[in-house]
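In the numbering used here, the protein residues as written are 8 to 271.
Note that CB positions come from ideal geometry on N, CA and C, so glycine has one too.
None of the values given here were measured: they were computed from a predicted structure.
Reviewing the structure listed below.
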Amino acid sequence: MTSKSGFVTGLILLGLLVLGVGTETRLGGNTLTSVGSQTLKFRVPPKISFGKRALAIRKGEALFEDSSPIAGNRLSCASCHLDDGTDANVLPLVGVASAFPRMSQRYHARLNLSQRINWCVMNSLAGKWLEPGNPELNDLTRYLDWISVGYPKNVPLPWLKRPVLVSDKRYFHSGRGEELYRSDCAYCHGPKGQGSTHGFLAPPLWGPDSYTRHASLDRQAMLAAFIQKAMPAVAMHGIRPGGLSVPDTQSLAAFILRHNRPAG
Ligand code: HEC
Ligand code: HEC
């Protein structure tokens, strides 16, 4: 770099600092996004307070955990967005209301938050599209607004980026996936992927009560990333969440996606 371009770069950087354009820094493993003097950090949302809207927020939270009134399968929002969307590692939704409306590459449209919720309702919960004004949709939106309190609009929140593992055909084998499934997953999710309701309550992974072919988790790279971060939910033979290798999670994802599920 010549000293002139170095000087220009310096000026631009100074300009960005003065303008307060967001920069990202990594500190002690926590991703921080700073905007001017503000520092946006992932934080577990405050307890739901008392007041007019608290009832709706609580109803939304309850619906997040038991989605049976709006689901066509046996999953809930919390089956995938762990700890009601507040687990920083597994599909967190903290701050998500501030990120909408926004352009969706997947759906080729500008979506508002209600529409984005609806895509998960239809594809991941195999449910019906909820029209504006629908009470369940309102409660879910209020809940997501609540866990987004304090985050300004349109500032990228790094934890909302989706983890995706790169798919590499050389490194996965659904035979190996089946073997791992039997040893580390079937205990909770059932030998036929049907889920279980006794002992550990675990949702179905395939078959008529699982997510549809249009769900985000129907993509191998996304499913593998989910499994890598979140499963097995408790240690199985010494393997904890985060303990499976990338090829093993790819093999598990390939094995799971080989089975039938609702077309959606
Ligand atoms: C089967 C798993 C699954 C279920 C069930 C599910 N989701 Fe999702 N959801 C995902 C995945 C995976 C993504 C990320 C998709 C992507 O980025 O392509 C996502 C994304 C979202 C987003 C957008 C997040 C962002 O940062 O852009 C919202 C909002 C959301 N889900 C809400 C919900 C709600 C509310 C429910 C229940 C009504 C629900 N989801 C049920 C898997 C699920
Ligand atoms: C101790 C029981 C347990 C074990 C073992 C387990 N899971 Fe899960 N799994 C759960 C529970 C419970 C959920 C719902 C989310 C939550 O509450 O953590 C879940 C959710 C999931 C989901 C998303 C929801 C769905 O229905 O599709 C996938 C995918 C998944 N598990 C895959 C696996 C795989 C692959 C393994 C083996 C490596 C595994 N799980 C082992 C209990 C378990």
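In the same chain as residue 88, and ignoring 5 residues on each side of it, the C-beta atoms closer than 6 Å to its own belong to 98, 100, in chain order.
Within 10 angstroms of the beta-carbon of residue 210 lie 16 or more other beta-carbons, which makes it buried. For residue 149, the enclosing alpha helix (DSSP H) begins and ends at 142 to 153.
Annotated as proximal: residue 105 and residue 158, with beta-carbon spacing under 7 Å. A Cβ-Cβ distance of about 13 Å is found for the pair residue 253 and residue 187, leaving them out of contact under the 8 Å criterion.
Contact between the stretch 118 to 129 and the stretch 90 to 97 is absent, with fewer than three C-beta pairs closer than 8 Å. Closest by C-alpha distance to residue 216, out of 223, 203, 152, is 203.
Note on residue 134: 16 or more other CB atoms within 10 angstroms of its CB, so buried under the neighbour-count rule.
For residue 192, the distance from the CB to the nearest heavy atom of ligand 2 is below 6 Å.
Counted as a single uninterrupted DSSP element, the stretch harbouring residue 89 is not any beta strand (DSSP E) but the alpha helix (DSSP H) occupying residues 89 to 92.
Within 6 Å of the C-beta of residue 207 there is at least one heavy atom belonging to ligand 2.
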